[in-house]
Structures are given as C-alpha cells and as structure tokens.
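If you count the sequence shown from 1, you need to add 4 to reach the numbering used here. The structure appears below as structure tokens.
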Amino acid sequence: MIFTYLKKTACMAILFFALSAPTYAAPDDKVSLNFVNADIQEVIKAISQISKKNFLVDPRVKGSINIVSATPVSTELAYDILLSALRLQGYSAVDADGVTKIIPEADAKLYADTMVRPGVKGDKIVTKVIVLKNESATQMVNVVRPMIATNNLVVAHASGNALVITDYVSNIKRIEQIIKAIDVPSADAPILIPVKNSSAVDLAATINKLMPEAVAATSGDGNQRFVLIADTRSNTLLLRADNPGRVARVRELVSKLDNDSGAPGNFHVVTLRNADASKIAQTLRAVMSGDTSTAAAGAAPATGSGIVQADVASNSLIITASEPIYKNLRLAIDKLDVRRPQVFVEALIVEVTADKAAEFGVQWQSLATQGNTSIIGGTNFGTTNNIIGLATSKTPIPGPGLNIGVLNGVGAAANLGMLARALETDSNANILSSPNLLTLDNEEAKIVVGQNVPFITGQYAQSGGATTATPFQTIERKDVGLTLKIKPQILDGGSVRLQVFQEVSSVIATANTAAGVTTNKRSIESNILVDKDQIVVLGGLIQDTVNVVNNQIPLLGSIPLLGRLFSYESRQRSKTNLMVFIRPYVMRDQAAYEAVTARRYNQMSEEQQKAQLSSNFMLPINGGPLLPDLKDARPSLKIEGNMPADNESAK
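Here's what the structure looks like:
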C-alpha cells in the first residue's frame with residue numbers, strides 16, 4: 005500500500021518536472037523550448053534567464069501559452085519566438101531604457117520606439133516616418149490603413165507629405181516595400197517638346213486634329229488621357245499622355261513638321277476664336293509698319309516684314325511673313341485673341357413727387373334796378389370759377405370742391421349773389437424705372453424704350469391768288485421715353501470705369517399748344533469709377549416749391565375773421581425727389597451671365613403668369629403667351645388656355 009503511494013508520487017514529480025522545466029541545454033548554447041499550457045508569467049521568466057534580458061510585465065498580462073520547438077534554437081531566436089507568442093495573445097514588447105515592457109497591444113503605440121533602429125526586427129512595435137516623393141500622403145493613408153493592425157495606427161502629415169506608422173517591425177518593412185512600388189513618378193507626367201522652326205500653336209492645332217486620343221480626352225473618356233497645348237512664350241509644346249506610344253507618336257510628328265522651309269516668305273492662315281479679325285489685322289499692321297496711320301487707313305502694307313490681311317467672312321487672318329516674324333506675330337495674336345469679359349449694367353431711376361393745393365374764398369355780387377338804371381357791385385378775384393362768369397351763364401356749373409351760393413330770382417331772371425368755394429387737392433407719384441444692359445468690355449451699348457414723338461419745327465401758309473390757303477408744316481421726330489447709353493472698361497482689381505448717359509423724358513399732355521408739345525426731361529451724362537457688383541449713385545434732384553396767392557378787398561379783407569368774407573387765398577406745394585443709381589456686374593465666364601439671365605427670365609415668366617386671363621366659358625380666348633421653361637431648347641412660345649384653331653380663327 006505504502007509502496008504504491010510512493011510510486012504514484014514519484015511519477016507525478018517526474019511529470020511536473022517535465023512540464024515546468026522548459027529548456028534543455030545544448031553544447032552549442034542552443035535551447036529546446038517546450039511549454040504546454042504554461043503560465044505567461046513563468047514563460048517570460050524562463051526566457052529572461054535564457055536571453056539575459058530584463059522584463060517589466062504589466063499586471064494585465066495574464067493567461068497561458070504554448071511553445072514547442074522540435075529542434076534546439078539560439079537564445080536570440082528564443083526571444084523572437086516569445087514576442088510572436090505574445091502577439092498571438094494580444095500583448096506586445098516595447099524596449100525602453102534597457103528594459104523590455106510587456107503590455108497589451110492597444111497601449112503599445114504609446115510606448116513604441118520613435119524610429120526603427122538597425123538590427124530591430126520581428127514582432128516588436130515601433131514607429132516609422134515614411135516621406136513620400138511623388139504620391140499624396142493623404143491619399144496613401146487609404147491604401148495603407150487596411151494593412152495595419154486594428155490597435156495600431158497610421159496618419160498622414162500633409163505639410164511634410166509623410167506617413168507616420170506605428171506597427172510591428174515586420175509589417176512596417178512589408179508596407180515600406182509596397183509604398184516604394186507605388187510612390188514612383190507618374191507615367192503621364194507633363195513632357196516639354198521644344199519647337200525650333202515652326203509655331204507651337206500651329207503644331208498643337210494640327211496634331212490635336214490628327215490624334216484621335218485628343219478628341220477622346222475632351223469628350224470625357226478617362227481611359228484616354230491625352231492633352232497637348234502650346235506655350236507661346238517659350239514656343240514649346242506641353243504633352244501629357246498615359247501611354248508611352250502616344251508620346252513617341254507626338255515626338256515623331258513634331259520632328260517631321262518642325263522643319264525650316266528656307267523660303268523668304270511663308271503663307272499662314274490663323275482663325276480667331278474670340279477677337280475681330282479686321283481689328284486685329286489693323287493692330288498687327290501698325291506694329292509691323294511702325295505707323296498707326298496705316299492701321300487707321302485699313303490698308304494691307306507690303307513691307308519687308310510681311311503682309312497681314314483679314315478675311316471677315318471666316319474671321320481669319322492671312323499672314324505672309326518669314327518664320328521668325330510669324331512666330332512673333334502669332335505670340336501677339338494669342339495674347340489678343342482671348343475671350344473678353346462682359347459687363348451687365350443695371351440702372352435704377354427713382355422719382356417720388358407730391359403735389360398739394362388748397363384754396364378758399366368768398367365772392368359777392370349785387371344787382372339793383374331803379375327804373376331804367378341798374379346798379380351792380382361785388383367782388384371778383386379772377387379765379388377759374390369767378391362769380392361773374394357763373395352769374396352770366398345760362399347753366400352755371402361751379403368748379404370742383406365745395407361750392408355754396410345764393411341765387412336771387414328764379415329761372416332766367418336768376419342771378420348769383422354769393423359764392424363760397426373751398427378746395428383741397430393731393431396728388432402723389434412714385435416712379436421706378438430699372439433699365440439694364442449687357443455689353444462687351446470697352447464696347448458702347450444703348451437701349452431706348454419710349455415713343456417717337458413729332459415736334460413742329462416750322463410752318464407756312466401760302467395763299468397767293470388762290471382763295472384757299474395751302475398751309476404746311478415741317479416736323480422733326482424725337483425719341484421720348486427712357487434712354488441708357490454706356491461704355492464700360494474693366495480695370496485691374498475688378499473696378500469698372502463707366503461712361504454713362506441716361507435720360508428720362510415724357511410728354512405733358514395738358515401742356516400741348518399750337519406751337520407743339522411740351523416735355524419733361526431728366527438726363528445725366530457722367531464718367532464714374534465703381535467696384536464690380538457695387539451700387540453707386542449717379543446724381544439726382546431734391547426740390548421743394550411753395551406758391552401762395554392771396555386776393556382780398558382793401559381794408560375789408562384785413563379785418564380779423566370778418567375779412568375772410570372779402571378774400572380769396574390759394575396755396576400750392578410741390579416736392580420732387582429724383583435719384584439715379586447704377587450697378588455693374590462683371591461676367592468673365594458662362595456661369596456668370598447664365599445666373600443673371602435665369603433671374604431675369606424667371607422674373608418675366610412670373611409676371612406673365614400673373615397677367616393670364618381669367619377663365620370665361622362665354623369667351624373663346626382664355627390664355628396668353630407664356631415663356632417656355634429656361635431649360636427647354638425650343639424657342640417657340642407656349643400659349644396657355646383654349647385658343648381657337650387656325651381654321652376657326654380664319655372663319
């Protein structure tokens with residue numbers, strides 16, 4: 005019994021010794037590792053004795069570990085095997101001041117080495133800074149991030165175009181190889197092709213027509229990247245293509261086309277895209293001849309430098325000149341043949357008038373008859389509706405306002421003995437005109453909205469020996485309404501110089517006489533400087549006028565209170581407020597004038613909607629013209645409502 009117990013105890017001791025003693029020394033300083041479900045703390049202690057390294061273990065490092073080596077390994081490799089086993093358990097080793105810290109992997113990036121030192125390898129967490137030369141570090145983060153462990157990090161330093169990676173040494177070395185393969189110069193980097201004898205602009209236009217890839221690039225095909233442009237300053241072609249074969253083809257074409265013809269004069273046709281060919285031709289002639297009068301005359305001088313002529317129909321320049329002179333002319337043409345900006349000018353004319361008038365007075369009249377003698381007396385102040393005129397009228401009609409009178413007699417024998425009249429008028433006018441105009445930079449434009457009114461300039465009546473006179477008149481017609489004339493000039497910095505002429509005129513209907521009509525006229529002519537998109541006042545008028553007329557009988561009219569019965573007073577006050585404002589908009593591209601056009605177009609469309617006729621089943625016309633939708637390409641107008649057909653309208 006006792007023997008059996010001792011036997012079991014000895015066997016257990018031998019088994020415990022086999023599990024707890026992990027290493028077996030070898031003659032060549034190699035060890036055999038054999039840890040099965042061993043505690044991590046004990047394994048770290050054993051590797052510390054083998055590798056002669058000091059370990060600092062975080063209390064959170066717990067669990068069991070399995071390490072089995074079929075053959076003996078070196079002490080250095082034993083340390084690397086421990087690091088790999090810890091990585092599988094979610095722990096990492098970080099060296100700091102001669103001590104290796106064993107901590108959870110999530111915290112390792114806080115203690116990692118700032119750089120990868122020579123000889124550091126394996127499953128240690130370090131921090132690496134990788135500077136990129138060609139690619140963007142910000143975009144490279146998206147490529148590298150999936151390759152980084154979840155608990156580790158990669159960030160981009162945009163200003164230095166660098167990646168900062170904290171991860172295991174083995175993984176960082178793998179990422180470095182991947183970045184090295186990606187961070188290379190692009191195959192479609194711009195290439196400069198110098199042009200020696202020809203014009204780079206002409207060669208670019210010719211090659212772009214010959215190369216179908218250029219059409220594909222402009223049509224938006226991303227797989228056919230091909231761009232060829234000319235730099236007029238250096239007479240160089242700039243090429244960018246994603247295929248080396250295309251680059252070789254362009255170089256071959258340039259070498260064949262860029263040859264010296266040796267002729268004293270070459271013939272060239274240059275088609276302009278934006279400028280006026282006739283104006284550009286005049287400018288070039290003046291430059292070539294050195295005489296501005298030649299440009300003004302419009303002739304085509306045949307000087308030693310060459311000939312420049314404009315073809316208005318095709319808006320092209322025909323140039324006969326030697327190659328060096330043509331290059332200089334072509335450089336000037338490219339500078340002049342640019343898209344000119346436009347200026348949209350918006351004017352605001354505001355006029356507010358107020359007229360007030362008041363009058364009050366009493367008139368008397370008395371008619372007494374003694375036999376054949378009549379005595380008449382009374383007051384008459386010469387007003388529009390005087391008492392004498394009303395008394396002698398068979399049908400007396402008093403003027404506007406309050407009229408109180410006393411009649412003596414009845415019927416035809418009646419006469420007006422007293423008339424009291426009181427009147428007060430108040431009239432106001434608020435006028436807002438907003439003319440606007442679009443024109444090219446440095447080009448004059450004019451808009452007139454109004455009527456063409458006849459004005460009498462002379463008249464004559466010739467009777468001679470005839471019994472009937474033959475009168476005639478001479479008439480001159482003038483525009484009456486609103487006129488806006490501008491000439492803008494865009495300056496550096498965005499300001500605009502404006503030559504402005506603005507006029508508003510109207511016919512006074514109540515002031516027409518035999519001599520002709522009378523018009524009101526308000527005009528401004530000025531040169532101003534204003535910043536773009538800013539409103540500025542051009543000028544205006546503020547006028548306040550008061551007129552007082554007092555008629556009274558001497559002495560009687562001066563009596564307090566009672567004098568009101570022997571006086572007539574009228575007062576009139578007129579106030580005029582007129583201001584003119586203007587605002588220029590500079591439009592350099594399509595988007596700018598499309599926005600203004602859309603705003604005005606929608607405004608007119610809304611006004612047309614408001615002006616539509618109400619539905620009436622008794623009337624055949626219940627609709628009016630409407631603008632089509634701005635995105636609709638059809639130019640025809642749309643008619644809403646039930647309009648009669650052509651055959652019905654013909655009936």
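All residues carry an ideal CB built from backbone N, CA and C; glycine is no exception.
Excluding its 5 nearest sequence neighbours in each direction, valine 590 has C-beta neighbours in its own chain below 7 Å: Pro345, Val347, Ile494, Gly498, Val500 and Lys536, listed in chain order.
For arginine 244, the enclosing beta strand (DSSP E) has its first and last residue at 240 to 245. Counting along the chain, the unbroken beta strand (DSSP E) around asparagine 554 starts and ends at 540 to 556.
Between the segment 151 to 170 and the segment 196 to 205 there are fewer than three inter-stretch CB-CB distances shorter than 8 Å, so the stretches are not counted as touching. In the DSSP assignment, aspartate 262 falls outside any alpha helix (DSSP H) and carries neither an H nor an E. Cβ contact annotation for isoleucine 179 (same chain, cutoff 7 Å, sequence separation greater than five): Val148, Met151 and Ile169, in chain order. Around the CB of arginine 603, fewer than 16 other CB atoms lie within 10 Å, so the residue is classed as exposed. For glutamine 93, there is no enclosing alpha helix (DSSP H), as DSSP marks it with neither H nor E. Under DSSP, lysine 482 shares a beta bridge with Val457.
At the C-beta level, alanine 82 and isoleucine 54 come within 8 Å of one another. Phenylalanine 59 is positioned such that its CB atom lies no closer than 8 Å to that of isoleucine 129. For glutamate 448, the secondary structure class from DSSP, reduced to helix, strand or coil, is coil. Residues of the same chain with a CB within less than 7 Å of the CB of aspartate 171, apart from the 5 flanking positions on each side, are Ile129, Ile152, Ala153 and Asn156 in chain order.
Between the segment 609 to 617 and the segment 435 to 453, the count of Cβ pairs shorter than 8 Å is below three; the stretches do not touch. Boundaries of the alpha helix (DSSP H) around isoleucine 329: 327 to 340.
Listed as beta-bridge partners of asparagine 581 by DSSP are Val356 and Ile546. With 16 or more neighbouring CB atoms inside 10 Å of its own CB, lysine 331 falls in the buried class. With distances taken between CA atoms, proline 588 lies nearest to Val600 out of Ser36, Arg91, Gly102 and Val600. A distance of 8 Å or more separates the beta carbons of glutamine 477 and isoleucine 490. The C-beta of lysine 132 has 16 or more other C-beta atoms within 10 Å across all chains shown, which makes the residue buried.
Collapsing the DSSP output to three states places aspartate 537 in coil. Tyrosine 589 is bridged by DSSP to Phe348.
Between aspartate 262 and the set Val274, Arg244 and Thr240, the nearest pair of CA atoms involves Thr240. Looking at the backbone, the Cα of serine 618 and that of threonine 549 are separated by about 45 Å. Here the segment 551 to 565 does not lie against the segment 336 to 345, with fewer than 3 beta-carbon pairs under 8 Å apart.
Three or more Cβ pairs closer than 8 Å define a contact, and the segment 316 to 326 meets that threshold against the segment 269 to 281. Taking valine 72 as the centre and dropping the five residues before and after it, the same chain places the C-beta of Leu37, Asn38, Phe39 and Val40 closer than 8 Å to its C-beta, in chain order. Ranked by Cα distance from valine 258, the first of Asp246, Val205, Ala281 and Leu288 is Val205. Taking a 10 Å sphere around the C-beta of glycine 310, we find 16 or more other C-beta atoms and assign the residue as buried. Exclusion of the five residues before and after alanine 285 leaves Val312, Gln313, Ala314 and Leu321 as the residues of its chain whose Cβ lies within less than 7 Å of its Cβ. Within the DSSP bridge table, the entry for aspartate 430 names Lys360 as partners. Straight-line spacing of the CA atoms in leucine 243 and asparagine 165 works out to 26 Å. The C-beta distance from arginine 526 to valine 508 rounds to 5 Å, short enough to meet the 8 Å contact threshold. Taking 8 Å as the cut-off, the Cβ atoms of aspartate 338 and threonine 210 do not count as close. Taking C-alpha positions only, serine 571 is separated from glycine 365 by approximately 6 Å. Distance between proline 632 and proline 189, taken at the CA atoms: about 53 Å.
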